[in-house]
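What follows is a short report on a single structure.
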C-alpha cells in the first residue's frame with residue numbers, strides 16, 4: 007500500500023505586502039497578533055527567536071500539520087529573511103505550544119482572524135447556555151479535582167468563544183445551579199476553588215426516594231452504594247491541604263487513626279477480624295482516602311512509607327509499584343519532598359537555638375558514592391554539624407513547593423575564603439609547662455574494681471559497662487540535638503577548605519550569639535590551629551576555640567595499646583574469641599567497639615588470676631565434655647596453693663564484695679554508700695602488694711602496664727559518659743606517655759597543645775570553661 011502523502015506544497019515566496027500589518031518585531035509569528043513588546047519590556051508570554059534552526063524546525067512541523075494555520079505560518083517563513091533571529095522575530099509561548107502539539111490558535115489570540123476556528127458549526131444563540139451545561143457535567147464527573155472559577159471560564163471560552171461568562175457571572179451561575187451542594191473558597195492559596203459538599207441528609211433522602219421495586223440483590227447493592235456515598239462525603243469534608251507535607255507528629259500511631267473519618271473506621275473495623283486492628287485500619291483507611299482524593303491531599307502514611315523505602319532501598323521501581331497498588335506515594339513525589347525538605351532544613355539552620363543552650367560545632371570529611379563504576383560522581387568534602395545542648399524540637403512544616411536543584415544548592419552556598427599564609431616562616435608549637443591539677447578525682451573508681459573482683463566467684467556477672475549503666479544515676483544537661491550544616495565540595499585537608507570552614511563557623515556562631523567551639527580530628531585540628539595562629543590579632547578567627555576529637559583520640563590510644571603489646575601473645579589470646587581478621591582491626595584501634603570489649607575481658611581475666619593467687623581461690627577449669635564442646639565446670643578447679651580447698655575456705659572479703667555488688671544492682675544500697683565502704687580499699691591494697699612483690703618479673707611488669715592502660719581507657723570512657731570535664735583532661739594527660747611510646751607522635755603533640763589551650767580557658771573564656779565543667783562537653 008502506498009503511504010499517504012502528508013506533505014504540502016510550499017507556496018511561492020510572497021512579498022511582505024501579501025501579509026498586511028504584519029511585522030516580525032511586533033507581531034506573533036504564529037497568530038499574527040500584536041505582542042506586547044518594547045525596547046525595555048515585553049509581555050510575560052512573549053519570547054524572541056534565539057536559535058538559527060528555529061525556521062527549519064517550523065517548516066517540518068508545517069509539513070506534518072498540513073492545515074490552514076500551517077500554510078499561514080509557512081507563508082510568513084518564506085517572506086522572512088534567511089534568519090528569524092536576525093529579523094528579531096517574536097512569538098507567544100501559548101501559540102507556539104498549540105502549533106507544535108497539533109492544536110489550533112488560542113481563542114484569546116484570534117484577533118487577526120487569519121485562521122478560522124475549527125470547532126464545527128457556528129455558535130447558536132443559546133451556545134453559552136449549552137456550554138455552561140457541558141462545563142457543569144464535566145465538573146460533576148471530576149468533582150474530586152481542584153478547579154477554580156477561572157479555569158471553568160477558560161474551558162467555557164474554548165467551547166463558545168466570546169460568549170463565555172465572566173468570572174463573576176460564572177460564580178453566580180454555579181451557586182444558583184448547585185445551591186448548597188458546592189463551596190467556593192480558597193484552597194492551597196488559590197482563590198475561588200469549587201468543591202462539592204454532599205451532606206448525609208441529602209444522600210439518605212436520595213436513598214429513600216429511590217424506586218422500591220428492586221430485587222433483593224439490587225437492594226443490597228443500592229445500600230452499599232449509599233454507604234459508599236456517605237463515607238465519600240466524610241472523606242471530601244476532610245480539611246487538609248497539599249500546601250505542606252505531613253509532619254512527624256502526623257505520622258505517629260495516635261494521629262494516624264484520627265486522620266481516618268469515623269464512618270470509614272467503622273466500616274474497616276467491621277471488616278477486619280483482629281481485636282486490635284488500629285494500625286491496619288489507619289493504613290488501609292489512608293490508602294482509601296488517598297485514592298478518593300489524589301489531587302487534594304497527601305496521606306501521612308503514604309508519603310512516610312515512600313520516604314522510608316527510598317531511604318533504605320533507593321529503588322524507583324519499588325516506589326512506583328507501591329504507588330500503582332495504592333500503598334504509597336510515587337517516586338516523583340518523594341523526590342519533590344526531598345528537595346523541599348532540604349530547602350526547609352536550610353531554614354532550620356538559620357533558626358535561633360534559644361537562650362540557655364550550649365552549641366558545639368564539629369567538622370570532618372564526608373564521603374558519598376565512593377564505589378562508582380567509573381570513579382566519577384563521587385563526593386569527598388567537608389561536612390559540618392552543630393550540636394545543641396540541651397536539645398530542641400522544631401516541628402516546622404515542610405512546604406510543598408517546586409524548587410529546582412539549583413535553587414536548593416544556592417541556599418546552602420558557603421563563601422570560599424582562599425587561604426594564603428601571612429607569615430613566611432613555618433609556625434612552631436610552643437609547649438608550655440602545664441600546672442594542671444584536677445579539681446575533681448574519680449570518686450567511683452571502687453565500682454570499677456568491684457565489677458572485676460567478683461568474677462572468680464560468679465562468672466555470670468554483668469560487664470563493667472552494664473553495671474555502670476545500671477547503678478549510675480544523676481542529673482545531666484539534657485539530650486543534644488544535631489543540626490546539619492552545609493557541606494563544602496573541596497578536599498577537607500586543603501587549607502582553603504579549612505579556612506572557609508573556620509570563617510563559616512565563626513559567622514554562624516555570631517548569628518547564634520555564642521562562642522564558636524569547633525572540634526576536629528588530629529590532621530584537621532593541627533592545620534586549623536596553624537591557620538588561627540597565623541591570623542592577625544584583630545581577626546575574627548581568633549575567637550574560635552578548637553577541640554581535639556575525643557573519639558579519634560580514643561582510637562589512637564587503643565591502637566597504641568595494640569602496638570605496645572605486640573608479640574606478647576595478646577593476638578593469639580583474642581583469636582580464641584574473635585576472628586583473626588577482626589583481631590587485626592581491633593589491635594589497630596579501628597574496630598573500636600570490639601576492641602574496648604575485648605580489652606576489658608582480658609583485664610577482668612588478669613584481675614581474676616591475681617585474686618586467685620592472693621586468696622587461694624581455684625579458677626574454673628575448661629574441660630571438654632562428651633559432646634565435644636567446652637564447658638565451665640565449677641566443680642573442677644585449678645588450685646595453686648592447696649589440693650583440698652572447699653567453698654567454706656573462700657575469702658570473706660570477696661564474699662562481702664560479691665554480696666555488696668548484688669545489693670548495688672538491686673538498688674538496696676546507693677553508689678555513695680558502696681564507694682565509702684573500706685572493703686574495696688582493703689582489696690585494692692592486697693592487689694597493690696601483689697604487684698609490688700612481682701615487679702622484678704619483666705613479663706609481670708608488661709601485663710601490669712597493660713592493666714594500667716586499660717584503667718586509663720576505662721576512666722576516659724567514664725569521663726565521656728558522665729560528663730566529667732576534669733577527669734577527661736586528666737585521662738588525656740595520662741595517655742600522653744603511652745602515645746609517645748607507641749610512636750603516635752602526631753597525637754602526642756596535638757593532645758599536648760589541646761590540653762594547654764583548655765587550661766588557658768580560665769583566662770580567655772571563663773564562661774565557656776564553666777559550661778564545660780558542668781558536663782556540656784559531651785554530646
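In our numbering, the protein residues as written are 7 to 785. Ideal placement from N, C-alpha and C gives every residue a C-beta, glycine not left out.
Got a sec, what are the start and stop residues for the alpha helix (DSSP H) residue i sits in?
i: residue 427; result: Where residue 427 is concerned, there is no enclosing alpha helix (DSSP H), given that its DSSP letter is neither H nor E.
i: residue 318; result: 306-319
i: residue 506; result: 501-517
i: residue 593; result: 586-593
i: residue 722; result: 704-728
i: residue 577; result: 576-580
i: residue 452; result: 451-459
i: residue 700; result: Unbroken run through residue 700: none, as it is neither H nor E.
For my contact list, residue i and residue j are in at a C-beta cut-off of 8 angstroms; report their separation, rounded to the angstrom.
i: residue 389; j: residue 370; result: 6 angstroms
i: residue 535; j: residue 759; result: 7 angstroms
i: residue 521; j: residue 549; result: 7 angstroms
i: residue 340; j: residue 321; result: At roughly 11 angstroms, the Cβ-Cβ gap does not stay under 8 angstroms, so residue 340 and residue 321 are not in contact.
i: residue 179; j: residue 138; result: 6 angstroms
i: residue 200; j: residue 209; result: Not a contact, Cβ separation roughly 20 angstroms.
i: residue 64; j: residue 52; result: The pair is not a contact, with the Cβ atoms about 17 angstroms apart (cut-off 8 angstroms).
i: residue 501; j: residue 538; result: Between residue 538 and residue 501 the Cβ distance is about 12 angstroms, and since that is not below 8 angstroms, they are no contact.
i: residue 250; j: residue 142; result: Contact doesn't hold; Cβ gap of about 32 angstroms is too wide.
i: residue 570; j: residue 747; result: 6 angstroms
i: residue 303; j: residue 248; result: 6 angstroms
Between which two residues does the beta strand (DSSP E) carrying residue i extend?
i: residue 366; result: 364-374
i: residue 551; result: 551-554
i: residue 738; result: Looking at the DSSP string, residue 738 is not in any beta strand (DSSP E); the run it does join, the alpha helix (DSSP H), is 731-747.
i: residue 52; result: 52-54
i: residue 98; result: 96-98
i: residue 524; result: 523-526
Does DSSP put residue i in a helix, a strand or coil?
i: residue 333; result: coil
i: residue 389; result: strand
i: residue 493; result: strand
i: residue 28; result: coil
i: residue 222; result: helix
i: residue 782; result: helix
i: residue 197; result: strand
i: residue 302; result: coil
i: residue 188; result: strand
i: residue 444; result: Here the model assigns residue 444 a pLDDT of 49, short of 50, so the residue's position is not dependable, and the following value carries that caveat. Three-state DSSP puts residue 444 in coil, outside helix and strand.
i: residue 72; result: coil
i: residue 438; result: coil
i: residue 86; result: coil
i: residue 384; result: coil
i: residue 637; result: Reliability of the predicted coordinates at residue 637 is poor, the pLDDT of 41 falling under 50, and the value obtained from them is presented with this limitation in mind. Looking at residue 637 - three-state DSSP - the assignment turns out to be strand.
i: residue 211; result: helix
i: residue 529; result: helix
i: residue 421; result: coil
Pick from the options: whose alpha carbon is nearest that of residue i?
i: residue 134; options: 155, 111, 113, 159; result: 159
i: residue 268; options: 284, 709, 258; result: 284
i: residue 688; options: 669, 658, 589; result: 658
i: residue 35; options: 97, 250, 395; result: 97
i: residue 309; options: 298, 232, 541, 338; result: 338
i: residue 782; options: 676, 483, 590, 503; result: 483
i: residue 683; options: 70, 529, 451; result: 451
i: residue 455; options: 85, 784, 764, 716; result: 716
i: residue 749; options: 101, 575, 565, 325; result: 565
Given that a residue counts as buried once 16 or more other Cβ atoms are within 10 Å of its Cβ, and exposed if not, what is residue i?
i: residue 229; result: exposed
i: residue 556; result: buried
i: residue 427; result: exposed
i: residue 255; result: exposed
i: residue 478; result: exposed
i: residue 447; result: exposed
i: residue 415; result: exposed
i: residue 367; result: buried
i: residue 174; result: exposed
i: residue 120; result: With a pLDDT of 43 at residue 120, under the threshold of 50, the predicted position of this residue should be treated as unreliable, though the coordinate-derived value follows. Per the 10 Å Cβ criterion, buried.
i: residue 3; result: Coverage of the chain is limited to positions 7 through 785, which leaves residue 3 absent and any answer about it impossible.
i: residue 585; result: exposed
i: residue 492; result: buried
i: residue 609; result: buried
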